[in-house]
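Chemist: Sharing a structure here in structure tokens format.
There are 2 protein chains.
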Amino acid sequence: MLDRALTLDELLCFALYSANNAMGRLYRPILAQHGLTYPQYLVLVALWQRDGQKVNDLGTALNLESNTLTPLLKRMEAAELVSRRRNIEDERSVIVTLGPKGQVLQQEAAGISRCILAAAGDDVADLIELRCKIQELATRLNASG
Amino acid sequence: MLDRALTLDELLCFALYSANNAMGRLYRPILAQHGLTYPQYLVLVALWQRDGQKVNDLGTALNLESNTLTPLLKRMEAAELVSRRRNIEDERSVIVTLGPKGQVLQQEAAGISRCILAAAGDDVADLIELRCKIQELATRLNASG
DNA sequence: TGCGATTTAATCGCGTGCGATTTATTTTAC
DNA sequence: GTAAAATAAATCGCACGCGATTAAATCGCA
Numbered sequence: 608m609l610d611r612a613l614t615l616d617e618l619l620c621f622a623l624y625s626a627n628n629a630m631g632r633l634y635r636p637i638l639a640q641h642g643l644t645y646p647q648y649l650v651l652v653a654l655w656q657r658d659g660q661k662v663n664d665l666g667t668a669l670n671l672e673s674n675t676l677t678p679l680l681k682r683m684e685a686a687e688l689v690s691r692r693r694n695i696e697d698e699r700s701v702i703v704t705l706g707p708k709g710q711v712l713q714q715e716a717a718g719i720s721r722c723i724l725a726a727a728g729d730d731v732a733d734l735i736e737l738r739c740k741i742q743e744l745a746t747r748l749n750a751s752g
Numbered sequence: 608m609l610d611r612a613l614t615l616d617e618l619l620c621f622a623l624y625s626a627n628n629a630m631g632r633l634y635r636p637i638l639a640q641h642g643l644t645y646p647q648y649l650v651l652v653a654l655w656q657r658d659g660q661k662v663n664d665l666g667t668a669l670n671l672e673s674n675t676l677t678p679l680l681k682r683m684e685a686a687e688l689v690s691r692r693r694n695i696e697d698e699r700s701v702i703v704t705l706g707p708k709g710q711v712l713q714q715e716a717a718g719i720s721r722c723i724l725a726a727a728g729d730d731v732a733d734l735i736e737l738r739c740k741i742q743e744l745a746t747r748l749n750a751s752g
């Protein structure tokens with residue numbers, strides 16, 4: 608088996624890739640109205656959930672490392688979305704805190720996710736189940752790395 | 608409702624983002640052994656399925672546009688994975704064909720997808736169902752754009 | 001036939017993701 | 001107490017994705 612040619616439609620990886628790109632295209636214009644990019648928005652969600660996290664903590668939450676986060680956070684700092692300061696107790700680490708713009712945006716977050724929800728489908732239970740399945744997949748994939 | 612703070616875990620978009628990143632991390636070292644990146648691999652899959660497609664055709668298949676594809680295809684051409692030539696019948700379009708390296712790699716494609724399948728899970732029926740759900744989501748998201 | 005509208009790639013700029021490396025700080029071992 | 005190991009962030013380079021624009025070829029229609 609598997610001797611015949613692969614097709615794009617059969618690839619789980621392509622489904623993910625394509626759905627993720629589509630999600631990004633959907634978010635971009637909405638987030639751009641607030642001066643945000645997609646990963647910047649995710650950083651804010653993480654900080655709204657718990658303010659004052661180390662870069663490493665954000666990396667664990669988002670599955671990213673400092674090579675991605677540091678430049679991203681610097682751009683966010685320049686936009687007053689977050690602020691960054693060295694941890695007094697351990698100068699190796701950097702604490703990221705919500706900046707003024709980042710706090711204000713939390714009020715509009717619910718509206719943003721409602722926009723997306725509407726585009727994703729009307730059956731919320733279905734979407735939640737799908738999300739769980741995708742999370743499980745991500746967990747398995749990360750474990751195999 | 609929805610007055611409380613969002614969490615990353617609740618976001619479908621983050622599940623997708625995270626699973627897609629995880630898939631990329633899994634593919635990268637495998638594909639790197641063949642001198643490929645992840646989107647380059649997807650282009651090859653599309654061409655193995657049907658050789659000699661216009662840039663636009665590939666764009667439709669992959670949900671990408673020339674601003675992404677043109678540089679990507681040029682890199683692939685430099686690596687002899689594909690070749691590009693203007694369409695004689697309509698000089699606006701460019702035909703992309705498998706190059707020597709691109710043809711050879713088809714033999715190893717089955718092995719590549721087996722590696723991924725193993726990491727994604729052992730229940731193939733589950734994975735296929737998940738893939739379908741994600742494809743439907745991508746379709747809905749693209750339709751809302 | 002000619003000329004504006006359309007189609008197709010290409011170009012440019014910016015913000016990720018990440019492999020690889022570097023720098024700074026803290027911990028550990030002796 | 002100090003040098004080696006470990007840890008945290010930053011830096012660098014490269015390949016995407018995509019919004020915006022441009023250039024070239026073709027089409028459509030008066």
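From first to last, the protein sequence lines stand for chains S and R.
Quick note on this note's numbering: the first sequence kicks off at 608 and runs consecutively.
Quick note on this note's numbering: the second sequence kicks off at 608 and runs consecutively.
Backbone N, C-alpha and C define an ideal beta-carbon position, used for all residues, glycine too.
Answer with yes or no whether the minimum CB distance from R/N674 to chain S is below 8 Å.
Modeler: no
Chemist: Would the beta-carbon of S/Q714 fall within 8 Å of that of R/T614?
Modeler: no
Chemist: At what residue ranges does the stretch 612 to 677 of chain R contain a whole run of the alpha helix (DSSP H), taking only runs of 4 or more?
Modeler: 619 to 639, 645 to 656, 662 to 669
Chemist: From the DSSP output, in three-state form, read off S/R584 for me.
Modeler: Residue 584 of chain S falls outside the range modelled here, since chain S spans only 608 to 752, and no answer is possible.
Chemist: Indicate the three-state DSSP secondary structure (helix, strand or coil) for R/L705 in the structure shown.
Modeler: strand
Chemist: Apart from the five residues on each side of it in sequence, which residues of its chain come closer than 8 Å, Cβ to Cβ, to S/S700?
Modeler: The residues are K661, V662, N663, R693, N694.
Chemist: Does the beta carbon of R/L609 come closer than 8 Å to any beta carbon on chain S?
Modeler: Bear in mind that the predicted position of R/L609 carries a pLDDT of just 46, short of 50, making it too unreliable to give a figure here.
Chemist: Can you find a CB in chain S that lies within less than 8 Å of the CB of R/N749?
Modeler: yes
Chemist: Rounded to whole angstroms, what is the Cα-Cα separation between R/L651 and S/Y648?
Modeler: 33 Å
Chemist: Would you grab the beta carbon distance between S/P646 and S/L679 for me? Rounded to a whole angstrom, and I think it's under 8 Å.
Modeler: 6 Å
Chemist: So, helix, strand or coil for S/C739, using DSSP?
Modeler: Three-state DSSP puts S/C739 in a helix.
Chemist: Can you tell me whether S/D730 is helix, strand or coil according to DSSP?
Modeler: coil
Chemist: Classify R/A685 as buried or exposed, calling it buried when 16 or more other Cβ atoms lie within 10 Å of its own Cβ.
Modeler: Around the beta carbon of R/A685, fewer than 16 other beta carbons sit within 10 angstroms, so the residue counts as exposed.
Chemist: Does DSSP put S/S751 in a helix, a strand or coil?
Modeler: helix
Chemist: Starting from the Cα of R/A622, find the closest Cα among S/I741, S/N749, S/S751, S/A750 and give me that residue.
Modeler: Taking R/A622 as reference, the option from S/I741, S/N749, S/S751, S/A750 with the minimal CA-CA separation is S/I741.
Chemist: For the stretch 694 to 706 of chain S, enumerate the residues whose C-beta is nearer than 8 Å to any C-beta of chain R, in chain order.
Modeler: none
Chemist: Taking beta-carbon pairs under 7 Å, can you tell me which members of the stretch 653 to 683 of chain S lie near chain R?
Modeler: A653, W655, Q656, A668, N670
Chemist: Output yes if chain R places a C-beta closer than 8 Å to the C-beta of S/I723; else output no.
Modeler: yes
Chemist: Quick check on R/T746: does DSSP put it in helix, strand or coil?
Modeler: helix
Chemist: With H, G and I counted as helix, E and B as strand and the rest as coil, what does DSSP make of S/A686?
Modeler: Note: S/A686 maps to coil in three-state DSSP.
Chemist: If you count every other CB in all the chains shown that lies within 10 Å of the CB of S/N674, and 16 or more means buried, which is it?
Modeler: Under this definition S/N674 is an exposed residue.
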